[in-house]
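Okay, so here's the structure we're looking at.
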Amino acid sequence: MTDETEISVPGQCGDQNPTAAGRCVLNPGHFGNHYDWFTRPSWDKPGAEWPQKQAADQRSIDQA
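Sequential numbering from 85 applies to the sequence shown in this note's numbering.
In structure tokens form, the structure reads like this:
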């Protein structure tokens, strides 16, 4: 599998974590940070979280 392969899971955002393995498992179109609870180091620790990319770009698209 190459880096350019698109992976789509129905009902999940799927945004790739830019700094580590994992993809966002929240609903498509969610607000706020991306989150992947499968990457947590243990059951009592939180999973990986990363900011939405191009938040400013999305606002400029919405205003156009």
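Every residue, glycine too, gets a C-beta built ideally from N, C-alpha and C.
What you are looking at is a predicted structure, and each value in this text was computed from that prediction instead of being measured.
At the C-beta level, residue 100 and residue 117 stay beyond 8 Å of one another. Counted as a single uninterrupted DSSP element, the beta strand (DSSP E) harbouring residue 134 occupies residues 132 to 134. Closest in C-alpha terms to residue 97, from the list 120, 106, 110 and 133, comes 110. The C-alpha of residue 93 lies about 18 Å from the C-alpha of residue 102. Burial check for residue 105: the Cβ neighbour count within 10 Å stays below 16, so the residue is exposed.
DSSP places residue 118 in the uninterrupted beta strand (DSSP E) bounded by 118 to 120.
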